[in-house]
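In the working numbering, the protein residues as written are 376 to 830.
Yeah, the Cβ is synthetic: ideal placement off N, Cα and C, and Gly gets one too.
For reference, the structure is listed below as structure tokens.
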RNA sequence: GGCGACGUAGCCAAGUGGUAAGGCAGAGGUCUGCAAAACCUCCAUCCCCAGUUCGAUUCUGGGCGUCGCCUCCA
């Protein structure tokens, strides 16, 4: 079976490129996952939708996929200049009076719940950083041997001038990084842009490991090199992450992994656009964020957010607003009702529409075009059974639970009685009473829709 | 200061060198006791100024504006 050609935008080359899996038919993906010291917000989740849509699309087109998503349960300083930064895991642990392990476990569970709410399919592997400390130490050791790193007082730094391609991904250069460096340089670093591979443990650390350079903990970037190469090997097809990871995280990862491997490790880098809120980025640190569970509490279907995200190109920033979410919520519910109404009869997938749908997916995951096709199909004069069958097939990619019919819920106490009374009033053509009863039902949260009166 | 992205209808958001997908909202209509739903119809000339071109929203240059990264961040 010949697989269709798939073109994807590669951040590394800034072009759409044809996907050529190292192993024909199988696409192996590494995705930057969450740091589990806080709840994930919908902006984080949008980024995690990228590999989900990638996998669902590739599956639909006939490929097989294997995905690794790391769970970072260690480190991440608020500021790694000198030793003034605080470790986010430890801050959370202190504030919540729990151990780092408890914090990690709790937020990992919450993350998996959130992912489920958005119909993001789980990755095949969720390696935890703390389980790969030995691998990280080994990589740091190799980098030292190869002359890519140096030790200062228990800290190990990566020497970015030793890696000529440093800056390729983000289009920075070592010189420009010097010129544009904002912060106050750490005097222990040879170059202000050098980054930490291993950090000596400070006073109050509780997550500390022994290493050849003394007790400490790994730098932020080394974990992804260690986990990706340990599980997927030193060549794999796609690496995904948020746009904010391009620099420095992925730049550093390339410097680490490729210095050791001696060749390109990742064929294609994909980055998802950030979610904006009132003109500025939604971020944990800024505090302007929503959890998906909060949206749910406000009465929105979590998949309304998914619908919203599907309407925008994955690479573009997306402006989030309650208004926009409300529109998506309404749209997804209507679509489900229509699919329910069209179901039941016979019908198979419409080949012409499906071909266009596949072409959109293969063109750098053009889900906005796919969503426009959903509307076009719904409006078309194809048989209801064909529409239902086609949309249900597409939903394996869209993940909007289109098959889910109108929610069945119990009526509030007394509502059934009022409805009966109203029917009697309508039958007697006492419409004033009928309308009054409809108002009362509305206040109970029950909406009444009438069919035409018979005679 | 360095690197990058973007500026399309009330809101969100695609797209193309030849007069602009889609969703929500809005307007009119069909239907209905009324309403809702559904269905039909309508609703933009693409930040500004130059240039290239037979023709630019789409290409080039210059403005203005917004945003991201450069420190942890999806």
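The shortest C-alpha to C-alpha distance from residue 650 to any of 680, 769, 486, 675 is the one to 680. It is roughly 28 Å from the alpha-carbon of residue 734 to the alpha-carbon of residue 720. Under DSSP, residue 527 shares a beta bridge with 530.
Rounded to whole angstroms, the gap between the alpha carbons of residue 693 and residue 810 is 43 Å.
Restricting attention to 429, 418, 409, the CA atom closest to the CA of residue 740 is found in 429. With a threshold of 16 other beta carbon atoms within 10 Å, residue 638 falls short and is exposed. Here the C-alpha atom of residue 728 lies approximately 24 Å from the C-alpha atom of residue 424. Membership of residue 591 in the beta strand (DSSP E) is indicated by the continuous run 591-593. Residue 542 places its beta carbon 9 Å or farther from that of residue 678. No Cβ-Cβ contact shorter than 9 Å links residue 689 with residue 703. Per the Cβ contact rule, the stretch 523-532 is not in contact with the stretch 612-622 (fewer than 3 Cβ pairs under 8 Å). Note on residue 583: under 16 other CB atoms within 10 angstroms of its CB, so exposed under the neighbour-count rule.
In terms of CA proximity to residue 575, 586 leads the group 378, 586, 723, 421. Counting of Cβ neighbours within 10 angstroms places residue 581 among the exposed residues, the total staying below 16. Taking a C-beta distance under 9 Å as the contact criterion, residue 626 and residue 530 do not qualify as a contact pair. One alpha carbon belongs to residue 657, the other to residue 418, and they sit about 6 Å apart.
Counting along the chain, residue 442 sits inside the beta strand (DSSP E) bounded by residues 439-444. The Cβ-Cβ distance between residue 753 and residue 766 falls below 9 Å.
Here residue 614 carries a strand assignment [DSSP, helix/strand/coil]. For residue 547, the secondary structure class from DSSP, reduced to helix, strand or coil, is coil. Shown here, residue 609 sits in coil according to DSSP, grouped into three states, outside any helix or strand. For the set 777, 395, 539, the Cα lying nearest the Cα of residue 713 is the one of 777. Beta-bridge analysis with DSSP links residue 804 to no other residue. Around the beta carbon of residue 696, a 10 Å sphere encloses fewer than 16 other beta carbons of the protein chains shown; the residue is thus reported as exposed. Straight through space, the alpha carbons of residue 751 and residue 433 are spaced by roughly 23 Å. Burial check for residue 381: the Cβ neighbour count within 10 Å reaches 16 or more, so the residue is buried. Residue nearest to residue 634 within the set 518, 393, 389, 440 is 518 (criterion: CA-CA distance). For a cut-off of 8 Å, the C-beta gap from residue 401 to residue 394 is around 11 Å, too long to register as a contact. Residue 485: not part of any beta strand (DSSP E); member of the alpha helix (DSSP H) spanning 475-492, first to last residue.
Only exposed fits residue 817, as fewer than 16 other CB atoms lie within 10 angstroms of its CB. Assigned with DSSP and collapsed to three states, residue 632 falls in helix.
The Cβ atoms of residue 566 and residue 596 lie no closer than 9 Å to each other. Distance from the CA of residue 685 to the CA of residue 736, rounded to the nearest whole angstrom, comes to 12 Å. When DSSP reads this structure, residue 503 sits in a beta bridge with 446. Sequence-distant partners of residue 763 (beyond 5 residues in either direction) whose C-beta falls short of 7 Å from its own C-beta, in its chain, are 714, 717, 718, 722. In the three-state DSSP reduction, residue 702 falls in the helix class (H, G or I).
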